[in-house]
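Residues 12 to 213 in our numbering are what the sequence shown spells out, letter by letter. Idealized CB from N, CA, C, for every residue including glycine. First up is the structure itself, then whatever we jot down about it.
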Amino acid sequence: MSQKATNIHPIHDQVIQREAKEKLLKQRAKVFWMTGLSGSGKSTIAIGVENALNKKGYLTQILDGDNVRTGINSNLGFSEEDRTENIRRISEVSKLFLNCGIITINSFVSPTIKIREQARHIIGADDFVEIFINTPLEICEQRDVKGLYKKARKGEIKNFTGIDAPFEAPPTPDIEIKTAGQTIEESVQTALNKILPLIEKK
12 MSQKATNIHP
22 IHDQVIQREA
32 KEKLLKQRAK
42 VFWMTGLSGS
52 GKSTIAIGVE
62 NALNKKGYLT
72 QILDGDNVRT
82 GINSNLGFSE
92 EDRTENIRRI
102 SEVSKLFLNC
112 GIITINSFVS
122 PTIKIREQAR
132 HIIGADDFVE
142 IFINTPLEIC
152 EQRDVKGLYK
162 KARKGEIKNF
172 TGIDAPFEAP
182 PTPDIEIKTA
192 GQTIEESVQT
202 ALNKILPLIE
212 KK
């Protein structure tokens, strides 16, 4: 009989700590959680922010529905239970990036206060930065790049956020970007102005 394993859990004091990785990368890691209606501009702003940060020498990772739901969460649907599990997994992955010293930019509708608080709890309040991409519903519907609002209005999509499912706007977001009347470039710059002081290594 093989000897019982007594060290199956990692010895954390032997693992390179986050602070050392941040020092190597010359940055402070944070998780920037962009929330807003479908079509609000979350992903576009996230990509713009990432490109700008990359040019400044920061190491980043974007997490959004495209790279999460086709991969780690490909087995999840859109029931309330699956939506909760979707956010839980995203939060745990974000925490792994955080502990590697990587700046993570998340772009998810995450429509309720409860579900975003779940993410904040997993990631840690000090490292979770909630960014509300505040775009009026009528503008989101006008854009409707994927035709989702049109389908929701016809009843072809059920429980669509903003139509027949609620979106609970953050009452006190860490950062709020009001996109109405702004160009994408202006919205990206607004986000950058708030983000840079939080990630600059002192």
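| said: Can you look up N170 in the DSSP assignment and give me helix, strand or coil? | reply: What you label residue 170 is simply residue 159 of the sequence shown in a count that begins at 1. Correct three-state label for N170: coil.
| query | So P35 packs on G112, CB below 8 Å; how close in whole Å? | reply | In the sequence shown, the residue the question calls residue 35 occupies position 24. In the sequence shown, the residue the question calls residue 112 occupies position 101. Before going on, a small fix: residue 35 reads as Leu here, not Pro. Going by Cβ atoms, the distance from L35 to G112 rounds to 7 Å, so yes, they are a contact pair.
| query | Given that a residue counts as buried once 16 or more other Cβ atoms are within 10 Å of its Cβ, and exposed if not, what is D138? | reply | Along the sequence shown, one-based indexing puts residue 138 at 127. With 16 or more Cβ atoms within 10 Å of its Cβ, D138 is classed as buried.
| Cα separation between E61 and T71? | Position 50 of the sequence shown, counted from the start, is the residue given in the question as residue 61. Position 60 of the sequence shown, counted from the start, is the residue given in the question as residue 71. Each residue's alpha carbon lies about 7 Å from the other.
| task | Please go through the stretch 143-168 and give each complete alpha helix (DSSP H) segment of 4 or more residues, from N-terminal end onward. | result | 148-154, 159-164
| field | For S102, the three-state DSSP class (helix, strand or coil) | value | Translated into the one-based positions of the sequence shown, residue 102 becomes position 91. S102: helix per DSSP, three-state reduction.
| query | With DSSP run on the structure shown, which of helix, strand or coil describes I27? | reply | Within the sequence shown, residue 27 is the residue found at index 16, counting from 1. Residue state, collapsed to three classes: coil.
| message | For M12 and I133, what's the separation of their Cα atoms in angstroms? | response | As a first step, residue 12 is located in the sequence shown; it is residue number 1 there, counting from the start. As a first step, residue 133 is located in the sequence shown; it is residue number 122 there, counting from the start. Here the model assigns M12 a pLDDT of 46, short of 50, so the residue's position is not dependable and the matter cannot be decided.
| said: What does the Cβ neighbour count give for P184, buried or exposed, with the cut at 16 atoms within 10 Å? | reply: Position 173 of the sequence shown holds residue 184. That one is buried.
| message | If contact is defined by three or more beta carbon pairs under 8 Å, each pair taking one atom from either stretch, is the stretch 37-54 in contact with the stretch 122-136? | response | yes
| C-beta contact flag for I186 and V156 at 8 Å | Against the sequence shown, residue 186 aligns to sequence position 175. Against the sequence shown, residue 156 aligns to sequence position 145. Cβ atoms of I186 and V156: not closer than 8 Å.
| said: Please identify the residue among G158, V120, L159, K212 whose C-alpha is closest to the C-alpha of P181. | reply: Residue 181 sits at position 170 when you count from the first residue of the sequence shown. When only C-alpha atoms are compared, the closest one is V120.
| query | Does the beta-carbon of T194 have 16 or more other beta-carbons within 10 angstroms, so that it is buried, or is it exposed? | reply | Counting from 1 along the sequence shown, the entry for residue 194 is found at position 183. Classification for T194: exposed.
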